[in-house]
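So that you can map any letter, position 147 of the sequence shown is 223 in the working numbering, and since no number is skipped, the others follow by simple counting.
Think of the CB as a built atom: it goes at the ideal place given N, C-alpha and C, for glycine as much as any other residue.
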Amino acid sequence: MRALAICFLAIFGAACGEPFSADDAIDCSRSVTEPRRRLEACSRELAAIGPNGGTLSSRGAAKEALRDWVGAQRDYEEALALAPELGGPLLGLGRVHLAQGDLVSARRYLNRAIEENDSGIARDILGSYALRQRDYAEALSQYEDLLASQTDSAIGFYGRGLARLGMGDERGREDIALARAGWDSVDTHFGEQGPAAP
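Put into structure tokens, the structure is as follows:
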């Protein structure tokens, strides 16, 4: 139905305001890396075709990238209400709450994401947060759980490696080497988190 509405609007234009186009639908997707452009495209799409969980989640991600925590939270919550099957809003709400220092609320959303679809992303978010807080035992737990479900995860090995090194366990170097062998740019995923990687 959404695709039909997008095609109709792309051909005939939106009834009011700046016309909405098929390009807006593409720009609203997560494939666009410039958050302001994505925010504008998603807003035009929402104005043209009405509330949609996927579009609200994409707009929430754009607001999150712009550090508009309140706006991102509002969009993610509305997306979740409209489309509770989507995982993106749960992950987004977890990240937004962590950015605001609210670990309790973040855990509620991220644990729900783990229960509904354990893709490893929620565990990585919690593990990364624990690394930044220098809570290496918690980070180790999250990354070991990630590796239990995804035994070849470069992110899992790297995160576990950083946690182990933070605890003084030199086996962390082996984990980081395994991660780099599986994904040569895994270092960029972690950036400045945790202790300096070998």
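Between the Cα of residue i and those of the options, spot the shortest distance and give me the residue it belongs to.
| i | options | result |
| --- | --- | --- |
| LEU166 | LEU179, ASP178, TYR152, LEU122 | TYR152 |
| LEU132 | TYR219, ARG256, LEU174, GLU154 | GLU154 |
| ALA175 | TRP145, PHE233, ASP263, ALA239 | TRP145 |
| GLY164 | ALA198, ARG184, SER181 | ALA198 |
| LEU179 | MET243, TYR205, GLY242 | TYR205 |
Mind checking residue i: buried by the 16 CB within 10 Å criterion, or exposed?
| i | result |
| --- | --- |
| ALA157 | exposed |
| GLY130 | buried |
| GLU161 | exposed |
| SER229 | buried |
| ALA239 | buried |
| ALA242 | Here residue 242 is Gly; the residue named in the question, Ala, does not match the sequence. The residue in question, GLY242, is buried, as its Cβ has 16 or more Cβ neighbours within 10 Å. |
| ARG112 | exposed |
Could you give the C-beta distance for residue i and residue j, rounded to a whole number, given that I count them as a contact under 8 angstroms?
| i | j | result |
| --- | --- | --- |
| GLY147 | LYS139 | 4 angstroms |
| LEU216 | ARG236 | 6 angstroms |
Using the Cα positions of residue i and residue j, report the straight-line distance between them to the nearest angstrom.
| i | j | result |
| --- | --- | --- |
| GLY258 | ARG114 | 32 angstroms |
| LEU202 | ASP251 | 19 angstroms |
| ARG256 | ALA124 | 45 angstroms |
| GLU110 | GLY168 | 17 angstroms |
| GLU121 | ALA137 | 15 angstroms |
| LEU222 | CYS104 | 30 angstroms |
| HIS173 | LEU254 | 32 angstroms |
| ALA189 | ASP245 | 30 angstroms |
Does the ligand GTP have a heavy atom nearer than 7 angstroms to the CB of residue i?
| i | result |
| --- | --- |
| LEU142 | Absence of the ligand GTP from the depicted structure is noted, as is the absence of any ligand whatsoever, leaving it without description. |
Sufficient close CB pairs (3 or more, under 8 angstroms) joining the stretch 182–194 to the stretch 208–217: Output reads no: the stretch 208–217 does not touch the stretch 182–194.
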